[in-house]
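K.L.:
Those sequence lines, one after another, are chains A and B.
The first sequence runs 5 to 114 under our numbering.
The second sequence runs 982 to 1103 under our numbering.
Quick one: the structure is below, and I'll ask about it shortly.
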Amino acid sequence: QSVLTQPPSASGTPGQRVTISCSGSSSNIGSNIVNWYQQLPGTAPKLLIYSNNQRPSGVPDRFSGSKSGTSASLAISGLQSEDEADYYCAAWDRSLKAWVFGGGTKLTVL
Amino acid sequence: EVQLVESGGGLVQPGGSLRLSCGASGFTFSSYEMHWVRQAPGKGLEWVSNIRSGGNNIYYADSVKGRFTISRDNAKNSLYLQMNSLRAEDTAVYYCAREVRDANNYGAFDIWGQGTMVTVSS
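Rendered as structure tokens:
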């Protein structure tokens, strides 16, 4: 049982816009920033979004993040086949004194 | 090239010990907080431990507290994870990751190693 809650799966067709939610509590998302990681099959995770809505250099602007209260969302517009991956949200939890991850969302491009 | 390379994984019996290493290159290792994150087969990511740049301010996940010890040698650009009293549920790919801070001092794991597999089984 992960501290942050994500839907286990999401899907869309090429060109569509999809969103992935991440729900937490006042001790993590509610009081800290959220980061998002993309994990392509068989590879290490990659930083996709940091500080709620910032993109590292090289990440396409099709990817965007937002946060409101104790929830966060990752949006992917103009969906492409190469976006098929697992996506994880993460935040520091001040009560647990630990980084916590969501359970991950497997994105399928139909 | 900025790189992290883990080593030391393998098969170990329940109750046994293993020491993982993570070698850093391409950046000033001593300036960064470092982490271990693991991923059990077919499961999600689980943060394990972190250590500040100077070797102080260490935290552990409850699941490994008292059994795992994180350390670093800045002179050797290396991060370590000593794992004792291993259990079947510790079976996972173990990644080391670098934490970068933004202008507001918020952190994110921007560089990850390729991971090393640890299997705990008799």
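Each residue gets a CB set at the ideal place from its N, CA and C atoms; glycine is no exception.
Between L999 (chain B) and chain A, is any beta-carbon pair separated by less than 9 Å?
P.N.:
Judged by the 9 Å Cβ criterion, L999 (chain B) is not in contact with chain A.
K.L.:
Relative to the alpha-carbon of G1035 (chain B), which residue among B:L1026, B:G997, B:P1022 and B:D1054 has its alpha-carbon at the smallest distance?
P.N.:
The shortest C-alpha separation from G1035 (chain B) is found at B:D1054.
K.L.:
If we define contact as Cβ-Cβ less than 9 Å, is E1027 (chain B) a contact residue for chain A?
P.N.:
Judged by the 9 Å Cβ criterion, E1027 (chain B) is in contact with chain A.
K.L.:
Quick one: what's L51 (chain A) bridged to in DSSP?
P.N.:
Note: L51 (chain A) sits in a beta bridge opposite A:Y41.
K.L.:
Output needed for Y54 (chain A): all residues of its chain with C-beta closer than 7 Å, excluding positions within five of it in sequence on either side, in chain order.
P.N.:
Cβ neighbours of Y54 (chain A) beyond the five flanking positions: N39 and P60.
K.L.:
What residue range does the beta strand (DSSP E) around N1038 (chain B) cover?
P.N.:
Unbroken run through N1038 (chain B): none, as it is neither H nor E.
K.L.:
Please report how far the alpha carbon of D1043 (chain B) lies from the alpha carbon of Y1087 (chain B), in whole angstroms.
P.N.:
Distance between the alpha carbons of D1043 (chain B) and Y1087 (chain B): 23 Å.
K.L.:
Could you have a look at D1083 (chain B) and say whether DSSP puts it in helix, strand or coil?
P.N.:
Here D1083 (chain B) sits in coil by DSSP.
K.L.:
Using beta-carbon positions only, say whether S1002 (chain B) and S1066 (chain B) come within less than 9 Å of one another.
P.N.:
Taking 9 Å as the Cβ cut-off, S1002 (chain B) and S1066 (chain B) do not qualify as a contacting pair.
K.L.:
Do W1017 (chain B) and I1051 (chain B) have their C-beta atoms within less than 9 Å of each other?
P.N.:
In this structure, I1051 (chain B) lies closer than 9 Å to W1017 (chain B) by Cβ.
K.L.:
So does the region 65 to 84 of chain A actually touch the region 8 to 24 of chain A, counting three or more Cβ pairs closer than 8 Å?
P.N.:
Counting Cβ pairs under 8 Å, three or more are found: they touch.
K.L.:
For a contact defined as C-beta to C-beta under 7 Å, what are the partners of Q1095 (chain B) on chain A?
P.N.:
What Q1095 (chain B) touches in chain A: A48.
K.L.:
Give me the residue from A:Y92, A:V7 and A:L114 with the minimum Cα distance to K50 (chain A).
P.N.:
It is A:Y92 whose Cα lies nearest to the Cα of K50 (chain A).
K.L.:
Using 9 Å as the limit for Cβ to Cβ distance, is G106 (chain A) near chain B?
P.N.:
For G106 (chain A), the answer is yes, since a Cβ of chain B falls inside 9 Å of its Cβ.
K.L.:
Would you kindly work out how many angstroms separate the C-alpha atoms of E996 (chain B) and G1047 (chain B), rounded to a whole number?
P.N.:
A quick correction: the sequence has Gly, not Glu, at residue 996 (chain B). Their Cα atoms are separated by approximately 13 Å.
K.L.:
Determine the burial state of D1083 (chain B): buried for a count of at least 16 other Cβ atoms within 10 Å of its Cβ, exposed for fewer.
P.N.:
When all chains shown are included, D1083 (chain B) counts as exposed.
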